[in-house]
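Enquirer: The opening position of the sequence shown corresponds to residue 1 in full-length UniProt numbering, with each subsequent residue numbered one higher.
We put the beta carbon where it would ideally sit given N, CA and C, even for glycine.
Every value quoted in this text rests on a predicted model; they were computed, and no experiment measured them.
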Amino acid sequence: MDRKDFLLALDEMLELDAGTLTGDEVLETLENWDSLAVISFIALVDEKLGVVLEGEKLAKAKTVSDLLALAGVAVAA
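1) So, do the region 9-23 and the region 49-59 have three or more beta carbon pairs nearer to each other than 8 angstroms?
2) Assign V26 to one of three DSSP states: helix, strand, or coil.
3) Where are the alpha helix (DSSP H) runs, 4 residues long or more, that stay fully inside the UniProt domain "Carrier" (13-69), in chain order?
4) Would you tell me roughly how many angstroms separate the C-alpha atoms of L46 and G72, rounded to the nearest one?
5) Answer yes or no: do V64 and E25 have a C-beta to C-beta separation smaller than 8 angstroms?
6) Roughly how many angstroms lie between the CA atoms of residue 106 and D5, to the nearest whole one?
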C-alpha cells in the first residue's frame with residue numbers, strides 16, 4: 001500500500017471526504033481522531049500492512065505523517 005492509498009484509507013476510516021488528508025494534519029485537530037479511531041487505525045495497519053503497532057509509539061504520534069511512519073508507509077509524497 002502506497003502513501004496515497006493509505007491516506008485514502010485513513011480518510012475513509014475517519015469519515016472524511018476522499019483526498020482530505022495530506023499528512024501534515026495534527027491529530028488533535030482532527031474531529032474524528034479519538035480512542036475509537038486509534039483502535040481502528042491499529043486494526044487498519046494490521047489488516048492492510050501486517051504491522052503490529054506498539055501503543056507507546058502510537059501515543060507519541062502527533063501528526064498524520066507520524067502515523068504513516070509508524071505504519072512503515074513512505075512519508076515523502
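Expert: According to the data block:
1) Judged by Cβ distances under 8 angstroms, the region 9-23 makes no contact with the region 49-59, as fewer than three pairs qualify.
2) It is a strand residue.
3) Whole alpha helix (DSSP H) segments, 4+ residues: 35-49 and 55-60.
4) One point to set straight first is that residue 46 is Asp, not Leu, in the sequence displayed. Approximately 11 angstroms between the Cα atoms of the pair.
5) The Cβ atoms of V64 and E25 lie closer than 8 angstroms to each other.
6) Because residue 106 is not part of the residues shown, which for the chain are 1 to 77, the question remains open.
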